[in-house]
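In what follows, a structure is listed as C-alpha cells, so that the remarks can point back to it.
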Amino acid sequence: MTAWWFPPVPRARVAVLRAVIYGFVWLDVLIFTRGAFMHLHAPAEFYRPVLLARLLGLPAPTPALGFALLAVIFLGGAVAAGGRLPRVAGLAVACAYLWWALIAMSYGKVDHDHLALIVALIVLPTVGRAGFRDRTPDPAAGWALRCVQIAVVATYFLAAWAKMRMGGWGWASGEILQWALTRRPTLTGELLLALDVPWLLYLFQWVVLIAEFLSPVALFLRGRALAAVAAFWLGFHLVTYLTLDIHFLPTAICWAAFAPLERLVRTVPAVAPAPVQVRGRAPGR
Amino acid sequence: MALVDRGADAPGLRPARRVPRLVAGWLGIGVLLAGSAWGQDDHFPAGPMAQYAFAVPSTGGEIRDTYVLAELDDGSWERVDLSGGGVGLRRAEIEGQLSRLAQDPRLLQGFAVARERLHPAAPRYRTVRIMVDITRLHDGRPVHRSTVVRATWRVR
Numbered sequence: 001m002t003a004w005w006f007p008p009v010p011r012a013r014v015a016v017l018r019a020v021i022y023g024f025v026w027l028d029v030l031i032f033t034r035g036a037f038m039h040l041h042a043p044a045e046f047y048r049p050v051l052l053a054r055l056l057g058l059p060a061p062t063p064a065l066g067f068a069l070l071a072v073i074f075l076g077g078a079v080a081a082g083g084r085l086p087r088v089a090g091l092a093v094a095c096a097y098l099w100w101a102l103i104a105m106s107y108g109k110v111d112h113d114h115l116a117l118i119v120a121l122i123v124l125p126t127v128g129r130a131g132f133r134d135r136t137p138d139p140a141a142g143w144a145l146r147c148v149q150i151a152v153v154a155t156y157f158l159a160a161w162a163k164m165r166m167g168g169w170g171w172a173s174g175e176i177l178q179w180a181l182t183r184r185p186t187l188t189g190e191l192l193l194a195l196d197v198p199w200l201l202y203l204f205q206w207v208v209l210i211a212e213f214l215s216p217v218a219l220f221l222r223g224r225a226l227a228a229v230a231a232f233w234l235g236f237h238l239v240t241y242l243t244l245d246i247h248f249l250p251t252a253i254c255w256a257a258f259a260p261l262e263r264l265v266r267t268v269p270a271v272a273p274a275p276v277q278v279r280g281r282a283p284g285r
Numbered sequence: 286m287a288l289v290d291r292g293a294d295a296p297g298l299r300p301a302r303r304v305p306r307l308v309a310g311w312l313g314i315g316v317l318l319a320g321s322a323w324g325q326d327d328h329f330p331a332g333p334m335a336q337y338a339f340a341v342p343s344t345g346g347e348i349r350d351t352y353v354l355a356e357l358d359d360g361s362w363e364r365v366d367l368s369g370g371g372v373g374l375r376r377a378e379i380e381g382q383l384s385r386l387a388q389d390p391r392l393l394q395g396f397a398v399a400r401e402r403l404h405p406a407a408p409r410y411r412t413v414r415i416m417v418d419i420t421r422l423h424d425g426r427p428v429h430r431s432t433v434v435r436a437t438w439r440v441r
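Residue numbers (the numbering used here), protein chains in the order written: chain V, 1 to 285; chain Z, 286 to 441.
Written out as C-alpha cells, the structure is:
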C-alpha cells in the first residue's frame with residue numbers, strides 16, 4: 001500500500017498541474033466565489049465564522065482584508081504557476097485561499113465543491129521545484145497527485161454517504177431534482193418540468209447515487225477505462241450546469257490530476273526531441 | 286490494477302520524506318471519514334458533503350423558496366437581489382440563517398445598511414420582509430402552493 005501512495009510520476013506533470021490549478025484559482029476568486037467578495041459588504045451581524053475560522057481566531061472580514069487576500073492569491077499564484085518559489089509562493093496561496101474560502105462559507109451556507117481544490121493547493125507546494133520539461137520520476141510528485149485524486153473521489157463518495165446519512169435510502173426515489181429545478185429555474189430545467197417525465201428524474205437520481213458510491217474505482221483504473229470514468233463525471237457536471245446552473249468547476253478541474261499532463265508540454269515546442277538536459281538538481285538528492 | 290503492478294518500494298524517497306507524507310495522507314482520509322460520519326457544516330472543509338443530501342418525499346414533501354421583499358421610499362415594493370450583489374448575501378445564506386432572522390428581525394436592519402453601502406444611488410429600504418413560497422407535493426406533483434411571511438422589519 002505504501003507504493004500505491006508514491007507512484008513515480010514525472011515532475012513535469014506537477015508543473016502543468018500547478019499552471020492549471022493556480023490559473024483556475026484566479027478565475028475562482030473572480031467569478032465563482034465572488035460571493036466572498038460581496039460578503040465584505042454584507043451586514044456584519046451575518047458573519048457566522050465556521051469552526052476552523054474560530055479556532056484560528058480569524059478577524060471579521062473587511063474590504064481591506066479581502067483585497068490583501070486577493071493580492072496574495074494573484075501574485076503568489078502567478079509566481080508558483082511559473083515554477084518559481086514553488087514552496088513559499090504555493091504555501092502563501094494555499095493559506096490565503098483557505099482563508100478566502102473560510103470567509104465564503106461563514107455566512108450561513110457551506111458549499112462542498114472546493115475540497116479537491118483546497119487539497120491541491122496544500123499538497124502542490126510539497127513537491128518543490130518541478131520544471132515543465134523535467135521528466136524525472138518523483139514519488140513525492142506521485143504522492144501529491146494521489147492526494148488530489150483521493151480528494152476528487154472523496155467529494156463524490158462522501159456525497160453519497162451524506163445522502164444516506166441525511167436523506168436515507170428514500171433519497172433517490174424522492175423529489176430532490178424537482179426541488180432543485182423548481183428553485184433554480186433554467187431553460188432546460190423548465191423544459192424538463194414541463195415535459196412531466198418524473199421517471200427521468202428518478203433515473204438520474206439513481207444513476208448519480210450509484211456512480212457516487214462507485215467513484216473510488218477511479219483510483220485503481222488506468223488508460224481508457226479511467227478516461228471513460230473521467231468523461232462520465234465531466235459530462236455529469238455539464239448536465240447539472242445546463243439544467244440546474246450548478247457547475248462544480250472547482251472539483252471538475254481537479255480531474256486534471258488523473259491525466260498524463262506532461263504530454264501537453266512535449267507537443268508544444270516544434271524542436272527535435274533531442275535529450276535536452278534541463279536545469280535542475282542532480283538526481284538522487 | 287495500480288495497487289499491484291506499481292510493485293517495488295517507492296524509489297528515491299527517504300523515510301524522512303516518506304513517513305510524514307504517509308501519515309498526512311491517512312490522517313487526511315481519516316478526518317474526511319470522521320467528518321462524514323459525525324460532522325456538520327460547521328466543520329468545513331472536513332464536514333459532510335451535505336448539499337442536496339436531504340430527502341424530499343414524493344408525498345408530503347415540500348419545496349421551500351425564500352425571497353426578500355423591500356418597501357422603498359415611495360411606498361412601492363421590490364424583490365431584493367439575492368445573487369450576492371444586492372445586499373452581499375445569497376438566498377442560500379439567508380435560508381441558512383432563517384430561524385435566527387425569524388427570532389430576531391432586528392437583524393434585517395443590516396439589509397438596509399448594506400443596500401445603502403452597495404447601492405448609494407438607489408432608493409432606500411423602508412421595510413424589509415422575508416417571504417417563503419411553499420409548494421407541497423403529492424405523488425411527486427405540486428398540489429398546493431402557499432406563501433408565508435417569516436420576518437418583517439421597519440427600517441430605522
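Note that beta-carbon positions come from the ideal geometry of N, C-alpha and C, so glycine has one too.
Could you check if residue i belongs to the surroundings of the ligand FAD, using beta carbon to heavy atom distance under 8 Å?
| i | result |
| --- | --- |
| Q325 of chain Z | As for the ligand FAD, it is missing from this structure, which has no ligand bound. |
Considering residue i, what are the terminal residues of the alpha helix (DSSP H) in which it resides?
| i | result |
| --- | --- |
| E175 of chain V | Per DSSP, E175 of chain V belongs to no alpha helix (DSSP H) and is neither H nor E. |
| W255 of chain V | Counting along the chain, W255 of chain V falls outside any alpha helix (DSSP H), and DSSP gives it neither H nor E. |
| R376 of chain Z | R376 to G381 |
| Y352 of chain Z | Where Y352 of chain Z is concerned, there is no enclosing alpha helix (DSSP H), although the beta strand (DSSP E) it sits in stretches over E347 to L357. |
| E363 of chain Z | Run containing E363 of chain Z: none in the alpha helix (DSSP H); it sits in the beta strand (DSSP E), W362 to R364. |
| Y97 of chain V | P86 to A104 |
| G310 of chain Z | P300 to W323 |
| G77 of chain V | P63 to A81 |
Quick one: grab the DSSP three-state call for residue i.
| i | result |
| --- | --- |
| V239 of chain V | helix |
| M164 of chain V | helix |
| P333 of chain Z | coil |
| V197 of chain V | coil |
| M416 of chain Z | strand |
| L422 of chain Z | strand |
| P10 of chain V | strand |
| S215 of chain V | helix |
| R411 of chain Z | strand |
| P137 of chain V | strand |
| S368 of chain Z | strand |
| R222 of chain V | coil |
| G373 of chain Z | coil |
Against chain V, with Cβ distances strictly below 9 Å, would residue i count as a contact?
| i | result |
| --- | --- |
| E380 of chain Z | yes |
| H429 of chain Z | no |
| L312 of chain Z | no |
| G315 of chain Z | no |
What distance in whole Å lies between the Cβ atoms of residue j and residue i, which are believed to be in contact at a cut-off of 8 Å?
| i | j | result |
| --- | --- | --- |
| F46 of chain V | Q394 of chain Z | Not a contact, Cβ separation roughly 11 Å. |
| L145 of chain V | A257 of chain V | 5 Å |
| L102 of chain V | A53 of chain V | 5 Å |
| M105 of chain V | G370 of chain Z | Contact flag wrong, Cβ pair sits at about 19 Å. |
| A15 of chain V | A130 of chain V | 4 Å |
| T136 of chain V | P10 of chain V | 7 Å |
| L422 of chain Z | T351 of chain Z | The pair is not a contact, with the Cβ atoms about 18 Å apart (cut-off 8 Å). |
| A96 of chain V | I122 of chain V | That pair is no contact at about 12 Å. |
For residue i, does the count of other Cβ atoms within 10 angstroms reach 16, so buried, or fall short, so exposed?
| i | result |
| --- | --- |
| R364 of chain Z | exposed |
| Q388 of chain Z | exposed |
| Q149 of chain V | buried |
| L181 of chain V | buried |
| L158 of chain V | buried |
| L56 of chain V | exposed |
| M1 of chain V | exposed |
| P305 of chain Z | exposed |
| D358 of chain Z | exposed |
| P125 of chain V | buried |
| G360 of chain Z | exposed |
| D196 of chain V | exposed |
| R224 of chain V | exposed |
So is residue i in contact with chain A if we call contact Cβ pairs under 9 Å?
| i | result |
| --- | --- |
| L307 of chain Z | Of the protein chains in the structure, V and Z, none is chain A. |
Counting only C-beta atoms, is residue i closer than 9 Å to chain Z at any point?
| i | result |
| --- | --- |
| V148 of chain V | no |
| R281 of chain V | Low per-residue confidence applies at R281 of chain V: pLDDT is 49, beneath 50, and the placement is therefore not dependable, though the value from the model is reported in the following sentence. No, R281 of chain V does not count as interfacial toward chain Z. |
| D28 of chain V | no |
| W233 of chain V | no |
| W171 of chain V | yes |
| E190 of chain V | no |
| P198 of chain V | yes |
| H237 of chain V | no |
| G31 of chain V | Going by the sequence as given, residue 31 of chain V is Ile instead of Gly. Judged by the 9 Å Cβ criterion, I31 of chain V is not in contact with chain Z. |
| T2 of chain V | yes |
| I253 of chain V | no |
| R87 of chain V | no |
| H41 of chain V | yes |
| P10 of chain V | no |
| R90 of chain V | Position check: residue 90 of chain V holds Gly in this sequence, whereas Arg was assumed. No, G90 of chain V lies away from the interface with chain Z (no Cβ there is under 9 Å from its Cβ). |
| A140 of chain V | yes |
| I118 of chain V | yes |
What residue range is occupied by the uninterrupted beta strand (DSSP E) comprising residue i?
| i | result |
| --- | --- |
| T432 of chain Z | R426 to R439 |
| E45 of chain V | Segment: none, E45 of chain V is in no beta strand (DSSP E) and carries neither H nor E. |
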